[in-house]
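Just so you know, full-length UniProt numbering puts 66 at position 66 of the sequence shown, and the rest follows in order with no gaps.
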Amino acid sequence: ASVSWGWRRRIFPAGVASDTLIINGGYGVLSPGLQYTLSVECTAFSMISGDTRSGITTQTLTLNDFPVGGSCSVCLLGGKGCIKRGRAISDVFRISCVNWADQDNPLQYRFGLNFVGDDTSWTSFGGVSFVDFVLPSGTIEVYAEIRDSLGETSGIQDLDRVRISFSFGQGRSLLADGIDWTIALQGLTELVNKQSSKTLNARLTSVSLQLGAEVQSGILGIEQGKNLTETMLRMAGQGLSFAAKTSDNICESYGAFEKLSNNPSVMSITSVRTVALNIDYGISDITNINSVNEQCVTSAIHALGSATMALKQTFSEKNQSNEIEFYKIKSNAESRLAQLY
1 ASVSWGWRRR
11 IFPAGVASDT
21 LIINGGYGVL
31 SPGLQYTLSV
41 ECTAFSMISG
51 DTRSGITTQT
61 LTLNDFPVGG
71 SCSVCLLGGK
81 GCIKRGRAIS
91 DVFRISCVNW
101 ADQDNPLQYR
111 FGLNFVGDDT
121 SWTSFGGVSF
131 VDFVLPSGTI
141 EVYAEIRDSL
151 GETSGIQDLD
161 RVRISFSFGQ
171 GRSLLADGID
181 WTIALQGLTE
191 LVNKQSSKTL
201 NARLTSVSLQ
211 LGAEVQSGIL
221 GIEQGKNLTE
231 TMLRMAGQGL
241 SFAAKTSDNI
251 CESYGAFEKL
261 SNNPSVMSIT
271 SVRTVALNID
281 YGISDITNIN
291 SVNEQCVTSA
301 IHALGSATMA
311 LKQTFSEKNQ
321 SNEIEFYKIK
331 SNAESRLAQL
341 Y
């Protein structure tokens with residue numbers, strides 16, 4: 001085959017003489033923002049009369065352009081200049097995006113955090129171009145993505161790394177004591193009272209990772225961890241209850257439940273039940289939910305899986321009724337997820 005034919009075959013894998021035209025955009029044939037005219041000719045031959053007839057129709061196509069021209073940054077809120085170091089679950093960092101342009105407004109933004117040894121946690125897309133986070137100790141990679149009203153995205157913007165430590169004041173280390181959990185819970189309670197589900201889920205994710213690190217290092221005891229996990233799971237359920245039941249919001253909440261249930265050793269029977277009930281509740285009303293993506297299902301399944309492990313670790317005969325109830329709820333939730341995915 002000639003070079004030109006080989007190129008054409010890659011661009012149009014179904015050919016140009018079939019009843020279906022497929023254009024492989026990966027080869028850069030169509031450029032965003034340009035207008036194209038598609039012409040289609042159909043020819044029919046009559047076996048009876050021997051006549052051949054044909055017709056041509058045209059369709060104008062405009063390829064959507066993606067958001068361009070802007071920038072995003074992550075900085076310590078209230079700091080002098082753009083500071084990228086701070087204190088765990090105490091200092092607030094703002095991720096913000098400015099000067100993005102696209103002809104298909106309004107633009108929407110989402111923000112992601114990647115913790116060492118973990119998957120990236122994303123907020124849902126929303127119309128606000130910034131978000132404020134508190135972060136657990138460690139090195140966190142920060143991302144942003146911008147989407148126009150037709151769904152075209154800027155691609156993931158890799159912003160920077162933020163380094164969070166226990167260090168306070170004049171080099172004094174709180175590593176032996178961990179963070180102040182009373183203050184941490186107060187901050188979460190304020191978000192619950194404001195019914196700010198997006199910010200609440202982001203903070204729950206950060207605080208739950210901090211809890212896991214402190215339990216693993218022995219700073220927090222198992223019973224303390226169980227009490228804190230129960231409290232935060234209850235707050236996650238409150239956040240889910242007042243958020244609009246859309247795919248983005250449900251999946252964002254599922255991400256928080258996944259992180260909160262990541263350590264089965266600090267999950268009580270109450271926590272196990274809370275996880276199952278809320279995963280099931282999230283998709284009990286699917287009026288505004290057409291489907292959920294793979295990451296959403298994965299978060300829900302991981303949360304239910306961790307709850308199952310915790311239930312097995314705390315099994316006793318007096319908890320048999322709770323175990324039966326859990327598996328019923330879990331089965332129902334998994335069935336609904338399968339229907340939506």
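Where is the CB? At the ideal position from N, CA and C, for every residue including glycine. Note that the coordinates shown come from a computational prediction; the quantities given were computed from them, not determined experimentally.
Here Met235 is buried: its Cβ has 16 or more other Cβ atoms, across all protein chains shown, within 10 Å. The DSSP assignment places 247-260, 269-282, 294-313 as complete runs of the alpha helix (DSSP H) inside the region 240-315, in order along the chain (cut-off: 4 residues).
Each residue's CA atom was taken as its position, placing Ser54 and Pro13 some 24 angstroms apart. Asp132 has Arg94 as its beta-bridge partners, per DSSP.
Taking all protein chains in view, the Cβ of Leu233 is crowded by 16 or more other Cβ atoms within 10 Å, so the residue is classified as buried. Taking the CA atoms as reference points, Gln313 sits about 8 angstroms from Pro264. If you draw a straight line from the Cα of Phe111 to the Cα of Phe66, it is about 17 angstroms long. Residue range 320-340 is occupied by the alpha helix (DSSP H) that includes Phe326.
Taking the Cα positions, Leu204 is about 14 angstroms away from Phe115. Secondary structure at Ile140: strand, using DSSP grouped into helix, strand and coil.
The residue from Thr298, Thr43, Thr52 with its alpha-carbon nearest to that of Gly255 is Thr298.
Within the same chain, Asn64, Phe66 come within 6 angstroms of Glu152 by CB-CB distance, once the 5 residues on both sides are set aside.
Secondary structure at Thr20: coil, using DSSP grouped into helix, strand and coil. For Ala243, the closest of Ser137, Asp285, Ile164, Ile89 by C-alpha to C-alpha distance is Asp285.
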